[in-house]
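**Student:**
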Amino acid sequence: MDGNTPITELKGVGDKTRKLFEKLDIRTVGELLDACPRDYEMFKEPLKIQEAACGDVCAIHAAVSGIASERRIRRLSILHVNVADETGGLQLIFYNMPFLKKTLRPGGFYIFRGLVRSKAALKVMEQPKIFSMEDYRKLTDRLVPRYALTKGLTNQAVQKYVKQALSLYEFRSEYYEASFLDAYQLVSRREALETVHFPKDYDSLARARRRLVFDEFFEFLFLIRSSQRLNKELPNNHKMFETADTVRFLEKLPFPLTKSQNKVWQEIREDLLGESCMNRLVQGDVGSGKTIVAVLALLMTAANGYQGALMAPTEVLAVQHFETIQKYVTEYGLLFCPVLLVGSMTAKEKRAACEKIAAGETNLIIGTHALIQEKVQYRSLGLVVTDEQHRFGVRQRELLAKKGENPHILVMSATPIPRTLAIILYGDLHLSVIDELPVGRLPIKNCVVNTSYRPKAYQFIAGQVAQGRQVYVICPQVEGDGDDAEGGLPLENVIDYTEKLKNALPSDVQTAYLHGKMRPGDKNRIMNQFAAHTIDVLVSTTVIEVGINVPNATVMMVENAERFGLAQLHQLRGRVGRGEHQSYCIFISADEKADSMERLQILNKSNDGFLIASEDLKLRGPGELSGIRQSGEFSFRMGDIYADAGLLKQASEAVDRLLLTDPDLAQPEHVRLKAHLKEAADTSVDFRSI
Ligand code: ADP
Ligand code: MG
163 MDGNTPITEL
173 KGVGDKTRKL
183 FEKLDIRTVG
193 ELLDACPRDY
203 EMFKEPLKIQ
213 EAACGDVCAI
223 HAAVSGIASE
233 RRIRRLSILH
243 VNVADETGGL
253 QLIFYNMPFL
263 KKTLRPGGFY
273 IFRGLVRSKA
283 ALKVMEQPKI
293 FSMEDYRKLT
303 DRLVPRYALT
313 KGLTNQAVQK
323 YVKQALSLYE
333 FRSEYYEASF
343 LDAYQLVSRR
353 EALETVHFPK
363 DYDSLARARR
373 RLVFDEFFEF
383 LFLIRSSQRL
393 NKELPNNHKM
403 FETADTVRFL
413 EKLPFPLTKS
423 QNKVWQEIRE
433 DLLGESCMNR
443 LVQGDVGSGK
453 TIVAVLALLM
463 TAANGYQGAL
473 MAPTEVLAVQ
483 HFETIQKYVT
493 EYGLLFCPVL
503 LVGSMTAKEK
513 RAACEKIAAG
523 ETNLIIGTHA
533 LIQEKVQYRS
543 LGLVVTDEQH
553 RFGVRQRELL
563 AKKGENPHIL
573 VMSATPIPRT
583 LAIILYGDLH
593 LSVIDELPVG
603 RLPIKNCVVN
613 TSYRPKAYQF
623 IAGQVAQGRQ
633 VYVICPQVEG
643 DGDDAEGGLP
653 LENVIDYTEK
663 LKNALPSDVQ
673 TAYLHGKMRP
683 GDKNRIMNQF
693 AAHTIDVLVS
703 TTVIEVGINV
713 PNATVMMVEN
723 AERFGLAQLH
733 QLRGRVGRGE
743 HQSYCIFISA
753 DEKADSMERL
763 QILNKSNDGF
773 LIASEDLKLR
783 GPGELSGIRQ
793 SGEFSFRMGD
803 IYADAGLLKQ
813 ASEAVDRLLL
823 TDPDLAQPEH
833 VRLKAHLKEA
843 ADTSVDFRSI
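Every position in the sequence shown, counted from 1, becomes a number in the numbering used here once 162 is added.
1. How about VAL671: is its Cβ closer than 6 Å to a heavy atom in the ligand ADP?
2. Is LYS565 close to the ligand MG? I mean its beta-carbon at under 6 Å from any heavy atom of the ligand.
3. Can you name, in chain order, every residue of its own chain whose Cβ lies under 6 Å from the Cβ of ARG791, other than the five neighbours on each side?
4. Quick check on the DSSP output: the beta strand (DSSP E) that includes MET440 runs from which residue to which?
5. Comparing alpha-carbon positions, which option in ASN166, LYS300, GLN469 lies nearest ARG189?
6. Measuring only from the beta carbon, is LYS489 closer than 6 Å to any heavy atom that is part of the ligand MG?
7. Quick check for students: name the residue ranges of the beta strand (DSSP E) that lie wholly in the segment 441 to 506, counting only runs of 3 or more.
8. From what residue to what residue does the alpha helix (DSSP H) around PRO307 run?
9. Can you find a heavy atom of the ligand MG that lies under 6 Å from the Cβ of LYS452?
10. When the distance is taken between beta carbons, is LEU562 closer than 7 Å to VAL573?
11. Comparing the CB of ASN769 with every heavy atom of the ligand SAM, is any distance shorter than 6 Å?
12. Hey, would you say PRO290 sits closer than 7 Å to VAL226, going by beta carbons?
13. Which residue marks the beginning of the alpha helix (DSSP H) containing LYS285, and which one marks its end?
14. Please state the DSSP three-state secondary structure of LYS607.
15. State the Cα-Cα distance for the pair PHE772 and GLY446, rounded to the nearest angstrom.
16. In the DSSP assignment, the alpha helix (DSSP H) including ALA807 goes from what residue to what residue?
17. Mark ILE169 as exposed unless 16 or more other C-beta atoms lie within 10 angstroms of its C-beta, in which case mark it buried.
18. So, helix, strand or coil for HIS743, using DSSP?
19. Taking the beta carbon of VAL452 as the centre, do at least 16 other beta carbons fall within 10 Å, making it buried, or is it exposed?
20. CA-CA distance, LEU543 and SER745?
21. At what residues does the alpha helix (DSSP H) containing GLN672 begin and finish?
22. Quick one, are the C-beta atoms of LEU762 and ALA729 less than 7 Å apart?
23. Determine the direct distance from the alpha carbon of ASN608 to that of ILE774, and round the result to whole angstroms.
24. So ARG308 and GLU193 are supposed to be a Cβ contact under 8 Å. How far apart are they, rounded?
25. Thinking C-beta only, is VAL671 closer than 7 Å to THR703?
26. For the beta strand (DSSP E) that contains LEU572, what are its first and last residues?
27. Once you ignore the five residues that flank GLY741 on each side, which residues in its own chain have a CB closer than 7 Å to its CB?
28. May I have the straight-line CA-CA distance separating ARG334 from LYS836, to the nearest angstrom?
29. Which class does ARG200 belong to by DSSP, given the choice of helix, strand or coil?
30. Go ahead and pull the three-state DSSP assignment for ARG275.
31. I believe VAL426 touches VAL457 by the beta-carbon criterion, under 8 Å. Please report the beta-carbon distance rounded to the nearest angstrom.
32. Using a Cβ-based criterion (distance less than 6 Å to any ligand heavy atom), does PRO475 qualify as near the ligand ADP?
33. Report the CB separation of LEU591 from ASN466 in whole angstroms; it is logged as a contact under 8 Å.
34. Quick one: is the Cβ of ASN711 within less than 6 Å of any heavy atom of the ligand ADP?
35. Taking the alpha-carbon of GLU332 as reference, which of LEU827, LEU396, ALA624, LEU195 has the nearest alpha-carbon?
36. What's the C-alpha gap between THR508 and ASP757?
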C-alpha cells in the first residue's frame, strides 16, 4: 500500500464511506495520512464539581440525583438531569435525547464530560458525553486526535481508518541524509506521520509537527529558489512610454490618490519605463486601495499597445474586478476592451473569449486561474497582475508569466508580512507598501462578546437592515459534522445558522448563504445579488474573506471568532467600513476563557494588520499548538509563517545551502531527495480553489 492506493482498499471503506471521504478531498491513502488532525483532545482526570471552572471543558465523576420531566419547545426535547458529588451539584442539559430518562439510573455514578457554563447561580453542562469509569480510563492522559469531518463520518471511524492505513503503508526510505536530520533536529518522516495521528504526548507531537512543517517550507522554498526566472533580473522586453491616459483617469476619479498610493504608483511607473522587467509586490492593508494602483498599471500597458492580465483567486473576486473596470470604461471612457475568463463560463463563452485574446481584440483579460490554462494564447502579454497573491502558488504565478515573453509582474497582497519574512517568501520581488487608508473613513466600531449577546446582535442587525444597510455573518463550518456531542466547544455552520437567522429576523429581511462547496455559478449569482442589494444578510464561510467590496455592507458578525486567526479576522473585518456609513464588527466567541477573550481584544484595540499579527504571536508564543492558523489564507497545509517563522528561516537556510553545494541535486546522496522534490512539485496543489 502506498500513497496512491485508493482508500477503498482499506477494510471497511465501501462506496458510501468513499463518497464521504471525497467530500473532504480524500481519495487515496496518501491523502488520508496527509489530512492531519485539526486538533487534539486531552481527556484529563475527572474533577470534583467544585473544581470544574466555568468556560472549561471538563470531566466530572458524579451521581445522578434527580431527573426532571422532559420539556418540549416545538420539535426540540429538553431534558434536565441533576448530578452531585460531595462538593456540590451541577445540572446537565440534553437536547433531543429523551431516552436518557431510562438509561441514566438515579443514584448511579457516571463520568460526564463537556463544557461547563454558569446559568444564573447554577453550574450547567450542555450535551455532555457520558462514560463509564472503565471506558473513561482507557482514554485518560492520551491525546485524542480530532479530524475534520463531514456528516455521516465520525471521528472514531476516521481514527480507525488512519490506524489501518498506517499499519499497511509501506514507508519509503528517508530522503534527507542523517546529518541533515541531525543538523535541523528533525525526526524521520515515518515517525512524524505516525505521531501526528497518534501522539503519545505533547513533546513528541511538537517534534512530529516540526518535521512536517519543515518539509512544507523546504519544498515550497526549493521550488521558488530553483526557478530560473526569479533569480536574475531580466531586460525590459515591454518598455513603455508615458501616456496621458493615466493622468486623465486620475483627474476624473472622484477622489485623489493617497500619498502612499501615489508613491507606489510612481515606483511601478518607473519600472515599466525602465531598463529591467518589473517584479514587484505591493503590500497594503485591507481597504488601502490596491485595485486602483493595479488599474493604473494595466491602463499604461494597454495605452502602450500591450495586453494586461489580472488574475484573482476566486471567481467572485474576478467578476467583481471585471465589473468595476467595466464601470470605469463607461464612466470615464478608458481605452480598455476587457474580457472575462472564469471556470463557470460555458464552453462557447470561453471559446469566444480565447479567440479575442489570441486575436489581440482585447487589451485587458480578467479572470481566475482559467487564465493560465493551456488553450489560452495571448497576443502580446506585457503585464500580469495577481491579486491576493498569497492565495496562489509560485507555479501559477510563473505559468501566467510564461504566457508572454517576460511580461512585467505585479503581485498584490493584503497579508501583513514582516519584511524579513517577505524576503524569504517572495524571493527577489521588489517591495512596495501602501501604508495608509483613504481619508474620511469612519473607524469601524468593534465588540467582542459571548453567545448570550446574540439576541441583541440580531436586533441590531435588523435595525441596520431597516436603515437600508447590509450584513455579513461568518460561520466556521459549511454544515454540521455530526460531531456535536464530542464535548468540545460548539461550532456554528452556515446551513443551520441561516435557518436560525431567518427565524430570528423580521420576515421581510432577505437572508441567503454562500460557501466554498457551492457551484461557482451559484456563488457568483448570490454574490451579485448581494452586491445589487437584493440580499440583505449574507451568511457565509470565509470565502468572502478576500477582496470583496460592497460598500453598503456595514455589519460583520463572526461566530466562533475564537476559531480564527487574528489576521484572518482582520481580513474579514476589512469587508465593512468601505463606504460612507458607520460600520460595526461583532466578534462572538463561544470560548469564554480569559486568554481567548484577551486575544480577541487585540482586534478591538487596533486596526493595523501588522500590529495585530505580531501581538497575536506574542500572546501565543511561537510554535504553540493552538489549532488556530494565523494566516489561514497561505497555501501551507500545516505551517504558519508567523508562528513557525523560526522554522521558515531554517528551511530557507537549508535550501540555500543545498543549492550552493549541489544545485542540480546530482550528487549520489541526493538521489532520493531529488525524486521526492520532483514528485512534490508535480503533485503540489498550490492553488486552493475556494
Ligand atoms: P483593497 O486594498 O482592500 O484591495 P480596494 O482597492 O478594493 O481595497 O479599495 C477599497 C475602496 O476604497 C474602493 O471602494 C475604492 O474605490 C476606494 N478607494 C481607493 N482609493 C481611494 C482613495 N484614495 N480615496 C478614497 N477612496 C478610495
Ligand atoms: Mg483588493
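We put the beta carbon where it would ideally sit given N, CA and C, even for glycine.
**Tutor:** Per the coordinate set shown:
1. no
2. no
3. Low local confidence applies: a pLDDT of 47 at ARG791 is under 50, so the model's placement there is unreliable, and no value is given.
4. Premise fails: MET440 is in no beta strand (DSSP E) and is neither H nor E.
5. ASN166
6. no
7. 441 to 446, 469 to 473, 500 to 503
8. Element bounds for PRO307: not the alpha helix (DSSP H) but the beta strand (DSSP E), 305 to 308.
9. yes
10. no
11. The ligand content of the structure shown is limited to the ligand ADP and the ligand MG, which means the ligand SAM is not among them.
12. no
13. Unbroken run through LYS285 is the beta strand (DSSP E), 284 to 288; no alpha helix (DSSP H).
14. strand
15. 10 Å
16. 807 to 823
17. buried
18. coil
19. One detail in the question is off: residue 452 reads as Lys in this sequence, not Val. Looking at its Cβ environment, which holds 16 or more other Cβ atoms inside 10 Å, LYS452 is buried.
20. 40 Å
21. Segment: none, GLN672 is in no alpha helix (DSSP H) and carries neither H nor E.
22. no
23. 14 Å
24. ARG308 to GLU193, Cβ: 18 Å. No contact.
25. no
26. 570 to 575
27. PRO713, ASN714
28. 14 Å
29. coil
30. strand
31. Not a contact, Cβ separation roughly 13 Å.
32. no
33. About 23 Å separates the two Cβ atoms, so there is no contact after all.
34. yes
35. LEU195
36. 50 Å
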